[in-house]
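Residue numbering for the sequence shown is 1 to 431, as defined by the UniProt record's numbering.
C-beta: ideal position from N, C-alpha, C; glycine also.
Computed from a prediction, not measured in an experiment: that's the story for all the values here.
Inspection log for the structure reproduced underneath, given as C-alpha cells.
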Amino acid sequence: MGCDAYCLGGGSTLLSTAAVRCRKRTTRCELASDGDSVEPRDRHWYNPKRRRPLTYRRWLEAENCSALLDSGEDRFMLMSYNILGVNNSLEHPDLYMNVPFDAMQWESRKRLICEEIRRWKADIVCLQEVDRYHDLEANMKNDGYIGRYKRRTGDAKDGCAIFWKNRRFRLLEGREIEFKSLGLRDNVAQLLVFETGKQKIDSRRVVIGNIHILFNPKRGDIKLGQVRILLQEAQVLSEKWGGIPIALAGDFNSTPRSAIYEFLSTSELNITRHDRKFLSGLEGFQPTLHSFCGLINHSWTDEELKNATGYSSCKLLTHPFKLHSSYARISGAGRTRDLCGEPLATTYHSKFMGTVDYLWYSGGLAPVRVLDTLPIATLKSMGGLPSPNIGSDHLPLASEFVFITRSSDLKSQGQATENEATLDRFLKLNS
C-alpha cells in the first residue's frame, strides 16, 4: 500500500514528502492550546507541576464542505475511541513506563475521556476496551446519551460499547457478534440500525458498526475472518432496511499499509499473495520486502482459508461495499498524515506508534469534516500515552457525515468530480 505506520525504533517517516502533497487548510473550528515541547519523561523523576504540552486538534473540512452543508440533508458526528481497559493497562505495565502514575489512574482517565467526548459533541460514540461500562454510562447519561454494551467472551473483562444521543437518533435494531461461536476467538462486535429524528417522513437510516479486531499479528486469518463476518452482518442489516448506508468504527489492529486495509478499501483480496503472519502491518515488516512478497503465492492450510474466507477452497475474499476511510478522503498536513491520507498515529505506547483506528463509510454518506490527529513531534514529546491531558493510549477519531442521495443532487451543488464518479459507480452496482 505504500503507507507506513511510525514504529518506535524503526525507519524514518516521509513527512516532508507528505507535506508537499497535502494542502494545509484553515478551518472554522479550532481548539488552540500551548504547543511547548518537553523531553520524554520517566515516571520516577517526572514533576507533575512542570509545564507540559497541551493537545492541539482542529477540524479539517472536505473541499466540497459548503455544498454538502447547503444540501440541507441530515448529518451526524461519529466518534471511535479505544479508551484503554483498566485491566489491560494493569496486565501490560511495560507499555506505560514513561507515563506518570497519576495519568494511569482510572478516575483521572475517565474524566478526560468524558471531557473529550463532550468537547467534540459526537452524536454516536463507539468505544473499545470498555471494562468500566457502568462508570461511563452514568456520565454519558448526564450528557444525553443512551448506551449498549457487549462484553468479550471468555475470561476477558472488556468489550465494546455504543452510545448515541437520544434526541438525535432512534434505535431500530441491534445485533451483537460473538466471534467465538464461529471459531474466531473471543472478540466481539456491535451493529446498530438508527433512524434520525422521530419517525419523520424524511428521516434517514444508517447501520453503525463497532469492532475491536484481534491483536495477534500472526493470526491474520482470524483478523480477516472477523472483518468478513462484520461486513456480512452489516450487509444483511443494510438490505433488510432498504439498502441503507453503513459506517464502521473501531480498532482494526491493522495499519494503512496492510492487506487487511487493502481488503476493506478495495473490496477484495487474493489472500494467497500474502503470508497470514504479515496481514496486519503490526509486525514491523519492511515495505520493500512486503511489496516483493505480494508477488509470491503463499500456502495456507484449509483451516486458515476457512477462518479467513469461510470456505477451505476459497482464496479470493470479497465484500459488497465500496468503503472509504473518512480521514483518507479529507486532506491533511504532512505532520499528521501519511502518503495515502491516513493519520500517522492514532495510538502511542512504549512499543508502538502508528495507526490502527478507522472510520469507514459506504455510499449514501459523505464526510463533511474530520478531527485531525496530533503531529508525531507532539506525541513524541509526551513520551507515551495516556498523559495528564489524554485519557487513553489511543486518540479518538471523529468525523461528521452527511446523508446523500443521488449524484445529480451533488453535481448541482458543485460536488467534486471524483466523488460524483464514486457515488455513481456505487449506485449502479447496487441498483
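| task | Please state if the CB of L397 and the CB of L371 are separated by a distance shorter than 8 Å. | result | As a position in the sequence shown, residue 371 is number 371, starting the count at 1. As a position in the sequence shown, residue 397 is number 397, starting the count at 1. Yes, they are a contact pair.
| Between the stretch 342-349 and the stretch 371-380, are three or more C-beta pairs nearer than 8 Å? | yes
| request: Closer than 8 Å by C-beta to E283: which residues in its own chain qualify, once you throw out the five before and the five after it? Chain order, please. | output: Residue 283 sits at position 283 when you count from the first residue of the sequence shown. Only P217, K218 and K277 meet the Cβ criterion.
| message | Quick check: T153 and N389, are their CB atoms within less than 8 Å of each other? | response | For this step, residue 153 is matched to residue 153 along the sequence shown. For this step, residue 389 is matched to residue 389 along the sequence shown. Contact flag unset, no.
| message | Tell me the rounded alpha-carbon separation between A189 and R168. | response | Residue 189 sits at position 189 when you count from the first residue of the sequence shown. Residue 168 sits at position 168 when you count from the first residue of the sequence shown. Looking at the two C-alpha atoms, the distance is approximately 23 Å.
| request: Have a look at the DSSP bridge pairing and note the partners of G209. | output: Position 209 of the sequence shown, counted from the first residue, corresponds to residue 209. In the DSSP output, where bridge partners are listed per residue, G209 has L191 and L248.
| Per-residue DSSP class, three states only, for W241 | If you number the sequence shown from 1, residue 241 lands on position 241. If DSSP states are grouped into helix, strand and coil, W241 belongs with coil.
| By DSSP, does A234 sit in helix, in strand, or in coil? | Along the sequence shown, read from residue 1 onward, the residue named residue 234 stands at position 234. If DSSP states are grouped into helix, strand and coil, A234 belongs with the helices.
| said: Please identify the residue among Y358, D74, S392 and E129 whose C-alpha is closest to the C-alpha of I201. | reply: For this step, residue 201 is matched to residue 201 along the sequence shown. Considering only alpha carbons, the answer is D74.
| 8 Å contact criterion, which P280 and N253 should meet: CB distance rounded | Mapped onto the sequence shown, residue 280 falls at position 280. Mapped onto the sequence shown, residue 253 falls at position 253. In the sequence as displayed, the identity of residue 280 is Ser instead of Pro. With a Cβ gap of about 6 Å, S280 and N253 count as contacting.
| field | Cβ-Cβ distance between F179 and Q226 below 8 Å | value | Within the sequence shown, the letter at position 179 stands for residue 179. Within the sequence shown, the letter at position 226 stands for residue 226. Closer than 8 Å, so yes.
| message | Rounded to whole angstroms, what is the Cα-Cα separation between T26 and D155? | response | Indexing the sequence shown from 1 puts residue 26 at position 26. Indexing the sequence shown from 1 puts residue 155 at position 155. In this prediction, T26 scores a pLDDT of 37, lower than 50, which makes its location untrustworthy; no coordinate-derived value is stated.
| request: Flag this pair as yes or no: are the beta carbons of E129 and N98 separated by less than 8 Å? | output: Taking the first residue of the sequence shown as 1, we reach residue 129 at position 129. Taking the first residue of the sequence shown as 1, we reach residue 98 at position 98. No, they are not a contact pair.
| field | 6 Å Cβ shell around C29 - same chain, five flanking residues per side excluded | value | Working through the sequence shown from its first residue, we reach residue 29 at position 29. Because C29 carries a pLDDT of 37, less than 50, the predicted location of this residue cannot be relied on, and the following value inherits that uncertainty. Same-chain partners within the cutoff: W59.
| So what's Q105 in DSSP terms, helix, strand or just coil? | Numbered from its first residue, the sequence shown carries residue 105 at position 105. It is coil, neither helix nor strand.
| request: Could you check how far apart the C-beta atoms of L359 and L84 are, in whole angstroms? I think they sit under 8 Å. | output: Start at 1 with the first residue of the sequence shown, and residue 359 comes out as number 359. Start at 1 with the first residue of the sequence shown, and residue 84 comes out as number 84. Contact doesn't hold; Cβ gap of about 19 Å is too wide.
| query | Comparing alpha-carbon positions, which option in Y311, E262, T301 and S362 lies nearest residue 432? | reply | Past the boundaries of the shown model lies residue 432; the chain is included only from 1 to 431, so the question cannot be answered.
| field | Reference W120; option with closest CA among S80, S331 and S203 | value | Position 120 of the sequence shown, counting from 1, holds the residue named residue 120. Selected option, being the one with the closest Cα: S80.
| message | Excluding the 5 residues flanking H134 on each side, which residues of the same chain have their C-beta closer than 6 Å to its C-beta? | response | Here residue 134 refers to the residue found at position 134 of the sequence shown. Cβ neighbours of H134 beyond the five flanking positions: none.
| Cβ-based burial, S181 [other Cβ within 10 Å; buried from 16] | Taking the first residue of the sequence shown as position 1, residue 181 is located at position 181. With fewer than 16 other Cβ atoms within 10 Å, it is exposed.
| query | In whole angstroms, what is the alpha-carbon distance linking A249 and T272? | reply | Here residue 249 refers to the residue found at position 249 when the sequence shown is read from its first residue. Here residue 272 refers to the residue found at position 272 when the sequence shown is read from its first residue. Going from the Cα of A249 to the Cα of T272 covers about 27 Å.
| Coil, strand or helix - E30 by DSSP | Reading the sequence shown from its first residue, position 30 is the one you call residue 30. Low confidence applies to E30: its pLDDT is 37, below 50, so where it sits in the model is not reliable enough to give any reading.
| task | Output the boundary residues of the alpha helix (DSSP H) element that contains V356. | result | As a position in the sequence shown, residue 356 is number 356, starting the count at 1. Element bounds for V356: n/a, residue is neither H nor E.
| task | Would you list the residues sitting across from K165 in a DSSP beta bridge? | result | For this step, residue 165 is matched to residue 165 along the sequence shown. Bridge partners of K165: Y145.
| query | How many Å lie between E91 and K157 at the Cα? | reply | Taking the sequence shown and counting its residues from 1, one reaches residue 91 at position 91. Taking the sequence shown and counting its residues from 1, one reaches residue 157 at position 157. For E91 and K157, the distance between alpha carbons rounds to 12 Å.
| task | Tell me where the alpha helix (DSSP H) around N88 begins and ends. | result | Taking the first residue of the sequence shown as position 1, residue 88 is located at position 88. Run containing N88: V86 to E91, per the alpha helix (DSSP H) assignment.
| field | Y261 versus Q232, T301 and G220, residue with shortest Cα-Cα distance | value | Walking along the sequence shown from the start, residue 261 turns up at place 261. Comparing Cα-Cα distances from Y261 to each of Q232, T301 and G220, the minimum goes to G220.
| said: Only counting the same chain, and skipping five residues up and downstream in sequence, which positions put a Cβ closer than 7 Å to that of A122? | reply: Position 122 of the sequence shown holds residue 122. Hits under 7 Å: M77, L78, M79 and A398.
| R335 to D131 span [Cα, whole Å] | On the sequence shown, position 335 is the one that residue 335 refers to. On the sequence shown, position 131 is the one that residue 131 refers to. If you take the alpha carbons of R335 and D131, they lie about 33 Å apart.
| field | Sheet register partners of M77 (DSSP bridge) | value | Counting from 1 along the sequence shown, the entry for residue 77 is found at position 77. Answer is E400, bridged to M77.
| query | With burial defined as no fewer than 16 other Cβ atoms inside 10 Å of the residue's Cβ, what is the status of R205: buried or exposed? | reply | Against the sequence shown, residue 205 aligns to sequence position 205. Buried: at least 16 other Cβ atoms inside 10 Å.
| task | Have a look at L69, E176, H212 and A259 and flag the residue whose alpha-carbon is nearest the alpha-carbon of D275. | result | Stepping through the sequence shown from its first residue, residue 275 is reached at position 275. When only C-alpha atoms are compared, the closest one is A259.
| Which residues bound the alpha helix (DSSP H) around E304? | As a first step, residue 304 must be located in the sequence shown, where it is residue number 304. D302 to T309 is the span of the alpha helix (DSSP H), which, as asked, contains E304.
| Which residue's Cα is closest to the Cα of I246: I222, M353 and V402? | Here the question's residue 246 lines up with position 246 in the sequence shown. Closest by alpha carbon: V402.
| Cβ-Cβ separation, L230 to G243 (assumed contact under 8 Å), whole Å | If you number the sequence shown from 1, residue 243 lands on position 243. If you number the sequence shown from 1, residue 230 lands on position 230. G243 to L230, Cβ: 18 Å. No contact.
| query | When you compare each of K351, V86, L191 and N82 to E116 by their alpha carbons, which one comes out closest? | reply | Along the sequence shown, one-based indexing puts residue 116 at 116. For the residues K351, V86, L191 and N82, the minimum Cα distance to E116 belongs to N82.
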